[in-house]
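Taking my numbering, the leading residue of the sequence shown gets 39, the next gets one more, and so forth. Right, one structure below, let's go through it.
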Amino acid sequence: MMLRRLTIAALMMMAAGPLATLSAQQTSDDVRVTDSAPKAHARIGLKSSAFFVRFDRPVDHIKSTLVIKQGDKVIERLHPRLESAPEVLFAAAPTLPPGNYVLHWAVITVQGTKAKEGDIPFQVSDQ
39 MMLRRLTIAA LMMMAAGPLA TLSAQQTSDD VRVTDSAPKA HARIGLKSSA FFVRFDRPVD
99 HIKSTLVIKQ GDKVIERLHP RLESAPEVLF AAAPTLPPGN YVLHWAVITV QGTKAKEGDI
159 PFQVSDQ
């Protein structure tokens, strides 16, 4: 009788183990960037004005931010378009003069539980 109970308990734990691990992994993983424009360390032309960062899950467009910086100086605060895809922050920017820049992003997931930020360095060139 005791052996049967132990066997049943072990089987239940084996069946639930992968599901519990997967669930914990999904909730604890950080938000990840899957694509961006510009790409990290890209050289873009003067006429480039569309910026986006795509993530591996939906983000809160209202609470998330995109900022173009040069060193510590904020050049432009971009306003993400609310009608873009749920996992994409997309914004238009004015024409930037040649130089080195960083697209700084900060996001909160739609559930409001995860916050993360990062930088995408890029260069604007007149060639």
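We put the CB at the ideal spot given by N, CA and C, even for glycine. Only a predicted model underlies this, so the values are computations on that prediction, with no experimental measurement involved.
Neighbourhood of residue i by C-beta, 7 Å cutoff - its chain only, sequence neighbours within 5 removed
i	result
F90	S74, A75, V126, L127 and F128
V112	V105
T72	R92, F93 and D94
R70	F93 and D94
A130	S87 and A88
S118	Note on residue identity: the sequence assigns Pro, not Ser, to residue 118. Only H99, S102, L104, L127, F128 and A129 meet the Cβ criterion.
Spatial distance of residue i from residue j (CA atoms)
i	j	result
P135	D157	19 Å
S102	D110	20 Å
M87	T151	The sequence given here has Ser at residue 87, not Met. Each residue's alpha carbon lies about 31 Å from the other.
L116	Q161	17 Å
T120	D164	According to the sequence shown, residue 120 is Leu rather than Thr. Spanning the two alpha carbons is a distance of roughly 31 Å.
A144	A80	20 Å
P124	I100	11 Å
Cβ-based neighbour list, residue i, same chain, cut-off 8 Å, excluding 5 preceding and 5 following
i	result
Q108	G137, N138, Y139 and V140
I82	P76, F160, Q161, V162 and S163
K85	T133
Close-in-space but distant-in-sequence residues of the same chain around residue i (CB under 6 Å, 5 per side omitted)
i	result
A153	I146
V148	P96 and D98
S122	F128
D68	K154
H142	V105, K107 and D157
Q64	The predicted position of Q64 is uncertain, since its pLDDT is 44 and thus under 50; a value taken from the coordinates is nonetheless stated next. So the list is empty, once near-sequence residues are dropped.
For residue i, the residue or residues it bridges with in DSSP
i	result
I82	V162
I146	A153
I100	For I100, which the question treats as bridged, DSSP gives no partner whatsoever.
V71	F93
Cβ-Cβ distance between residue i and residue j below 8 Å
i	j	result
P159	A78	yes
Segment limits, beta strand (DSSP E) that includes residue i
i	result
L116	K111 to L116
A131	Note, A131: premise wrong, no beta strand (DSSP E); not H, not E.
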